[in-house]
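*Asks:* One structure is given below, represented as structure tokens, and several questions about it will come after.
Residue numbers (the numbering used here): 11 to 452.
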């Protein structure tokens, strides 16, 4: 596209990843200053830095750049970062006579140029390219669209602005992390197949494999079908017994997939946030595991699933496997439950009970993260997060963190820091470009 727009694509150059053009490089703290430079080897009247910044809404502004005296053909400006954290998008606008701009652009593209006849100026934009390692930009006929509801094209250069004084744990910087799916890592020395089967009495859909190398049963039981309920018997004790092996890998921190009580083997359908799955060794097994990790100077972080719970949980209790009524029976039968306000129920067109669920999976009912009783349970002084951090975890990995409200994430961070004297971390899962992900309308 650049070669089609411009006869000479190198007549204007800004490389956002080179200190020569942007100093200092990288994310910036609030209230700091960034020097921006752009080389323009063709005659133009003005170079204008266009920028928009904010978190929940964007403020658009312009700043005229000046010739940089010590380097020929270079323009410069110094931009103060906003006082509040957020994103700052920027791009450049070349403003000059039609003749000047048309000298840059191929003749067949002249009709695409934006012209401001009242100022006798024609505009040409220089925007982010997203190709190459140096962040070199390219020309565009229109300004970037960066708002929440806009198409995000052309692309803008970007600066992430973080709160001055924001600190992240030093122990995680450069650390080597090793991920473990607990059921499939190692059976402890006290493993017993019959004992493993015993844990499944309350959940008959579980399938237990005595042969560690046996294939997963992708059909499931005839009455249920596949439910990700295959278990092979890996335990927290098994992980602890491999501490010497883990140390030979020179790892600094373990990341454990969910260990809380749940129906499935992946445990992203949490049944009880405060209880370790009995098949992994329960609370006693967890305490022993945590002690061994501390002895061997291996940190660990736990997987937290807070955008939804399991339908088969003490909170929702759709199948009545827990003694106290859950939110489902509270709505369907008018019973009282401490968890009623955590979920959004309604009646469908047939009058049947329906509810919001994660990506439409009925086994994963969505939680209402803005519900204050839910926040107290998860984030309160004696809540779920405090329990796990004080129990030895060095942090929390958040499942689908972009599907959690920003205010919940900030309160999560506060809860983690409060419970660890500031030493634990929050690690969020986001599959897309993390800093420009649009979530909850911001």
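All residues carry an ideal CB built from backbone N, CA and C; glycine is no exception.
Closest Cβ-Cβ distance between residue 242 and chain B: below 7 Å?
*Replies:* Judged by its chain identifiers, the structure shown contains no chain B, having just a single protein chain.
*Asks:* In angstroms with no decimal places, state the Cα-to-Cα distance between residue 252 and residue 313.
*Replies:* Taking the straight line joining both Cα atoms gives about 20 Å.
*Asks:* Give the DSSP-derived three-state secondary structure of residue 206 in the structure shown.
*Replies:* Looking at residue 206 - three-state DSSP - the assignment turns out to be helix.
*Asks:* What would DSSP say about residue 187, mapped onto helix, strand or coil?
*Replies:* Residue 187: strand per DSSP, three-state reduction.
*Asks:* Nearest CA to the CA of residue 64: which residue from 427, 93, 58, 163?
*Replies:* Measuring from the Cα of residue 64, the nearest candidate turns out to be 93.
*Asks:* Closer than 6 Å: is that where the CB of residue 343 sits relative to any heavy atom of the ligand COA?
*Replies:* You won't find the ligand COA in this model; it holds no ligand whatsoever.
*Asks:* Beta-carbon within less than 8 Å of residue 423's beta-carbon, same chain only, minus the 5 sequence neighbours each way: which residues are those?
*Replies:* 436.
*Asks:* On the DSSP bridge assignment, give the partners of residue 318 in chain order.
*Replies:* The partner list for residue 318 (beta bridge, DSSP) reads 376.
*Asks:* Under 7 Å, do residue 213 and residue 282 count as touching if we go by C-beta distance?
*Replies:* Cβ distance not < 7 Å, so residue 213 and residue 282 don't count as in contact.
*Asks:* Secondary structure at residue 55, three-state DSSP: helix, strand or coil?
*Replies:* Residue 55 falls in the coil class under three-state DSSP.
*Asks:* Which of the three DSSP states, helix, strand or coil, is assigned to residue 459?
*Replies:* For residue 459 there is no data in the structure shown, the boundaries of the chain being 11 and 452.
*Asks:* Identify whether residue 276 lies in helix, strand or coil by the three-state DSSP scheme.
*Replies:* Note: residue 276 maps to coil in three-state DSSP.
*Asks:* Taking the continuous beta strand (DSSP E) assigned at residue 106, which residues delimit it?
*Replies:* That run of the beta strand (DSSP E) goes 96-106.
*Asks:* Put residue 371 into one of helix, strand or coil per three-state DSSP.
*Replies:* Residue 371: coil per DSSP, three-state reduction.
*Asks:* When you compare each of 219, 186, 179, 172 to residue 193 by their alpha carbons, which one comes out closest?
*Replies:* Residue 193 has its Cα closest to that of 219, out of 219, 186, 179, 172.
*Asks:* Can you give the Cα-Cα distance for residue 449 and residue 156, rounded to whole angstroms?
*Replies:* In a straight line, the C-alpha of residue 449 is about 14 Å away from that of residue 156.
*Asks:* If you draw a straight line from the alpha carbon of residue 441 to that of residue 411, how long is it in whole angstroms?
*Replies:* The straight-line gap from Cα to Cα measures roughly 10 Å.
*Asks:* Taking the alpha-carbon of residue 74 as reference, which of 161, 343, 57, 47 has the nearest alpha-carbon?
*Replies:* With distances taken between Cα atoms, residue 74 lies closest to 57.
*Asks:* Looking only at its chain, what residues have a beta carbon closer than 7 Å to the beta carbon of residue 120, apart from the 5 residues adjacent to it on each side?
*Replies:* Contacts found: 112.
*Asks:* What does the Cβ neighbour count give for residue 432, buried or exposed, with the cut at 16 atoms within 10 Å?
*Replies:* Exposed, by the Cβ-count rule.
*Asks:* Does the region 43-50 come close enough to the region 84-93 to have 3 or more Cβ pairs within less than 8 Å?
*Replies:* Yes, the region 43-50 touches the region 84-93.
*Asks:* Report the option in 150, 299, 357, 352 whose CA atom is closest to the CA atom of residue 342.
*Replies:* Checking every option, the nearest Cα to that of residue 342 belongs to 357.
*Asks:* Rounded to whole angstroms, what is the Cα-Cα separation between residue 12 and residue 309?
*Replies:* Interpretation of residue 12 is limited by its pLDDT of 44, a score under 50 that renders its predicted location unreliable; the figure taken from the coordinates is listed afterwards. Residue 12 and residue 309: Cα-Cα distance of roughly 49 Å.
*Asks:* So, is residue 4 buried or exposed, given that buried needs 16 or more other C-beta atoms within 10 angstroms?
*Replies:* The structure shown does not extend to residue 4, since the chain spans only 11 to 452, so no value can be given for it.
*Asks:* For residue 398, report the span of its alpha helix (DSSP H) as first-last.
*Replies:* Its alpha helix (DSSP H) spans residues 394-400.
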